[in-house]
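Written below as structure tokens is the structure these notes are about.
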Amino acid sequence: MNQPYLAVGGKIILAQNVLDLPSLSAAKEVTLINTVPTAIAQLLEIEAIPETVQTVNLAGEALSNQLVQKLYQQENIKNVYNLYGPSEDTTYSTFSLVPKGHHGQPSIGRPIANTQVYILDSFKQPVPLGTIGDLYIGGKGLARCYLNQPELTAEKFISNPFSNEPNAKLYKTGDLARYLPDGNIDFLGRGDNQVKLRGFRIELGEIEATLGTYPQVKQKVVKVWEDSYRNKRLVAYLVGENGPINTEDLRRFLGQKLPEYMIPALFVSLETLPLTPNGKIDRSSLPLPEIPWTSEQDFVPPHTQKEKILASIWQDVLRIKQVSRYDRFFEVGGDSILSIQVVARARQAGLKITPKQIFEYPTLAELATVADYSTAELAKQGLVTGIVPLTPIQLWFFEQNRAEMHHFNQSVLLEVPRHLKADLLAQSLRKLIEHHDALRLRFTVEEGQWQQVNEGMPEEVPFEVIDLSSIPQSQQGETLLAMATTQQASLNLSTGLLIKAVLLELAPYQPSRLLIIIHHLGVDGVSWRILLEDLLMTYQQLERGENVELPPKTIAFQDWALLLRDYGQGEKAKEPLDYWLTQPWLEARNLPVDDEAGKQYNTVATQ
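Reading the sequence shown from the start, the letters are residues 1 to 607 in the UniProt record's numbering.
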């Protein structure tokens, strides 16, 4: 990479650390600096960038626009480039000149000469404009292999399906990116920085990029932190432009830019971010966050009865030891999904609150002031049976031209103790099916239309035990996968229940596996926690010889479906109908597809 400079009579000055630049004898000869953003920020802070410097090349980390514009405040600096490229592609692959006065997150630009960049999905197909995908690089600068590492080479250097050249390769960088409308590339960080939190896939780089647009944020890192209760939370580590940042203002700012589940639960202010020897941010050295409620000194116990009820619910849902009356729901691990559970638990405890109120009144004390004692009648507690109207989402489901309606499942494979008693597990499952009426829904076609009915209790519980103790440990993974795949296809909407459970017993010295399969018409991501907690509670009560007592039922699915139907036929729901019916839908072009003949089939969840 240094040869072009030497070829035109330039001089290369190598510094062990860019912070050594001011002490070098040749410092005043430097016209171009090539380093990482963190290092140039430190040079800028100590006012150590030589006045002779005209160009700054930055690479190796995400670049913030604030840093770029600060560099331009030095009159001698004319050009700031954002460069991107892994070592496997001879250092740099794309470049972007970030102009003075630019707004927004700098892109990594376009490929340099003789380089191709592709953004592909998991099937190695190009993704649409603006869609996040894996970043692949091809071209003349690509390395041939990893020395003496054939397996890693085969994994990372794949055949280039877009090239006519024989033996052409693509390198899988492991980074995530998307193409912008102007043809530039938006870099979103490492693929291993993609996390799944409470059912949502989250790009940490996207959160960091948004934080970088907040004027008071100088440096930022977002990571997932797991506490001793195995609760995972997003934590943002921040260095402010002028000291600590007002996190309430920042939270409101992020609320306008990101969905709630992508807003960090905790913000940690630091004077500086830890760095590796080569000047990059050292994520592994970031300090553990201090949870607001951990300080006994600042703990203020709940005062009123409402506060005590809500505190108990927060402790249970968030799985934390104690709740101060001034704790904020989203700072102690709450999110939009958990707020729904808090609302449901509060209703069971006789308090009426809404998810919106949890957002508007985030502290325990504030929320208690708007919570009302509920006078609602208790929901039906017996076995609910009879015809149930299809809900809007169910109608949509049956309108889809799926090849296999019966196979649209959610499932869990749990590691359970070997001594788990199969008979008690079967009894527990029966109680679960009795308590949760939606698990007894059955769907049939009458005169060409799908209908659903809440059946009574089945004669047999959909539970079986499979002995896999003779399978060698080396083959267990493959066998479990094959067994689970077979069981997944065994549900039938018309002739059986929406649920099935299988206890897979391995060798006597190994834990067993419990596979629970439920059709998506009967369960969603929020429901699983409730179902599993009820299943565990039932099993423990039976094991102790106690009568089974589960939390009171909330509104029956049958009643909920009737309410939705009545609402849909009411005037309030019809108000916006004219707007949607008068839109020029026929003028909208269809998206191009690879398989024109097969486009009428919905292939969601067929794999």
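Even glycine gets a Cβ: it sits at the ideal position worked out from N, Cα and C.
Local Cβ density within 10 Å of residue i, reported as buried at 16 or more and exposed below that
i	result
residue 109	buried
residue 269	exposed
residue 436	buried
residue 303	exposed
residue 295	Because the pLDDT of residue 295 is 48, which lies under 50, any placement of that residue in the model is unreliable, and the question is left without a value.
residue 293	Confidence at residue 293 is low in this model, with a pLDDT of 49, below 50, so the placement of that residue should be treated as unreliable; the coordinate-derived value is given next. It counts as buried.
residue 300	exposed
residue 549	exposed
residue 242	exposed
residue 166	exposed
residue 123	exposed
residue 203	buried
residue 18	buried
residue 519	buried
residue 539	buried
residue 452	buried
residue 150	exposed
residue 487	buried
residue 324	buried
residue 12	exposed
residue 266	buried
residue 422	exposed
residue 8	exposed
residue 93	buried
Residue i in three-state terms, based on DSSP
i	result
residue 93	coil
residue 11	coil
residue 525	helix
residue 484	helix
residue 519	strand
residue 293	Residue confidence for residue 293 is low, a pLDDT of 49 falling below 50, so the modelled location carries little weight and cannot support an answer.
residue 126	strand
residue 111	strand
residue 422	helix
residue 16	coil
residue 116	strand
residue 267	strand
residue 132	coil
residue 194	strand
residue 182	coil
residue 255	helix
residue 361	coil
residue 47	coil
residue 431	helix
Contacts around residue i, its chain only, beta-carbon distance under 6 Å, and the 5 residues preceding and following it disregarded
i	result
residue 429	461, 463, 501
residue 81	57, 95, 97
residue 419	none
residue 370	357, 361
residue 596	none
residue 90	141
residue 484	515
Beta-carbon contacts of residue i that lie in its chain and below 8 Å, excluding the five residues immediately before and after
i	result
residue 607	A caution first: residue 607 carries a pLDDT of 42, below 50, which makes its placement in the model unreliable, though a value can still be read off. The answer is none, since no qualifying residue turns up.
residue 212	62, 64, 65, 66, 105, 220
residue 78	54, 55
residue 573	567
residue 505	418, 465, 466, 467, 468, 469, 512
Pair within 8 Å by beta-carbon distance, residue i and residue j
i	j	result
residue 254	residue 210	yes
residue 307	residue 364	yes
residue 387	residue 349	no
residue 169	residue 185	no
residue 21	residue 41	no
residue 245	residue 222	no
residue 214	residue 286	no
residue 456	residue 383	yes
residue 493	residue 406	yes
residue 433	residue 530	no
Residues near residue i by beta carbon distance below 7 Å, same chain, minus five either side
i	result
residue 317	338, 341, 342, 345
Validate contact between the segment 427–445 and the segment 537–557 using beta carbons, cut 8 Å, 3 pairs: yes
Three-pair Cβ contact test at 8 Å for the segment 467–481 versus the segment 585–599: no
Validate contact between the segment 17–32 and the segment 50–62 using beta carbons, cut 8 Å, 3 pairs: They touch, by the three-pair rule.
The segment 127–140 contacting the segment 172–180, beta-carbon criterion three pairs below 8 Å: yes
At least 3 beta-carbon pairs within less than 8 Å: the segment 500–516 vs the segment 404–418: yes
Cβ contact check for the segment 110–117 and the segment 131–141: 3 or more pairs under 8 Å: With a cut-off of 8 Å, the segment 131–141 and the segment 110–117 count as touching, because enough Cβ pairs lie within range.
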